[in-house]
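Notes to accompany the following structure.
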Amino acid sequence: MVNRFEIDGEEVLDGEVKPFGNSAHVTVPKRWRGADVKVVRTSEPAKQDEE
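The sequence shown begins at 1 in the UniProt record's numbering and counts up by one.
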């Protein structure tokens, strides 16, 4: 099921979530430091073995 969201913002980036320790992260430009951001998942996560 797909939900539709409308968000007012300044820029949009398209990227991939990368593993980071016991979590994951999305890399954004350094100039975004201190800015408020929102992350929207647009696909199902890939199946991975639990560690």
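We treat Cβ as the ideally placed atom computed from N, Cα and C, and that holds for glycine.
| query | result |
| --- | --- |
| Identify, in the order they occur along the chain, each residue of the same chain with its Cβ nearer than 6 angstroms to the Cβ of Val17, setting aside the five sequence neighbours on each side. | Ala24, Val26 |
| With DSSP collapsed to three states, give me the class of Lys18. | strand |
| Looking only at its own chain, which residues have a Cβ that is under 7 angstroms from the Cβ of Thr39, when we skip the five neighbours before and after it? | The amino acid occupying residue 39 in the given sequence is Val; Thr does not appear at that position. Answer for Val39: Val26, listed in chain order. |
| On a CA-only basis, which of Pro45, Ala46, Thr42, Asp36 is nearest Glu10? Give me that one, please. | Asp36 |
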